[in-house]
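In the numbering used here, the protein residues as written are 1 to 137.
From the three backbone atoms N, C-alpha and C, an ideal C-beta is built for every residue, glycine too.
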């Protein structure tokens with residue numbers, strides 16, 4: 001099967017490199033509005049818990065993220081730290097096999113609901129209090 005022809009309305013990268021200290025934004029879900037762990041919350045990766053797949057690929061099973069403005073305090077973690085677990089979703093796509101016949105393929109994807117946050121757009125920054133801003137006028 002040729003995966004080069006896969007098209008999606010909202011394509012996701014196959015790999016998002018993560019490292020301790022990296023600024024990130026929580027995406028796609030509100031975990032707890034009362035605790036301030038919501039879609040768009042900005043934080044910093046503090047720990048990555050990894051596992052090696054049967055295919056020899058290392059992937060993250062849990063990311064401990066420091067959300068400085070959150071109210072969260074879990075017993076085994078420092079204040080403002082929260083574990084982010086991968087989310088799972090399924091989709092179906094049509095691909096051509098080597099004979100050119102269309103084949104329906106069901107895909108299951110597991111990914112952490114965070115994205116790098118080295119910069120934010122004006123839309124993303126709306127409603128946020130930012131301690132300093134660099135703007136190119």
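Annotated three-state conformation of residue 32 is strand, per DSSP.
Listed in chain order, the beta strand (DSSP E) runs fully inside the segment 88 to 126 are 102 to 111, 114 to 116, counting runs of at least 3 residues.
Three or more beta-carbon pairs drawn from the segment 106 to 114 and the segment 86 to 98 are found closer than 8 Å, and the two stretches are therefore classed as touching.
Nearest to residue 19 by alpha-carbon distance, out of 43, 76, 38, 28, is 43. Distances from the alpha-carbon of residue 69 to those of 35, 49, 55 put 35 closest. Here residue 53 is exposed: its Cβ has fewer than 16 other Cβ atoms, across all protein chains shown, within 10 Å. At least 8 Å separates the beta-carbon of residue 37 from that of residue 48. Judged by DSSP in its simplified three-state form, residue 128 adopts coil rather than helix or strand. Under the three-state reduction of DSSP output, residue 49 falls in the strand class. Within the segment 49 to 80, the runs of beta strand (DSSP E) that reach at least 3 residues and sit entirely inside it are, in chain order, 58 to 66. For residue 37, no beta strand (DSSP E) segment is defined, and its DSSP state is neither H nor E. Counting only the Cα atoms, residue 115 lies some 17 Å from residue 122. For residue 23, the uninterrupted beta strand (DSSP E) run begins and ends at 23 to 26, by DSSP. Excluding five sequence positions before and after residue 102, the CB atoms of its chain that fall closer than 8 Å to its own CB belong to 94, 95, 96, given in chain order.
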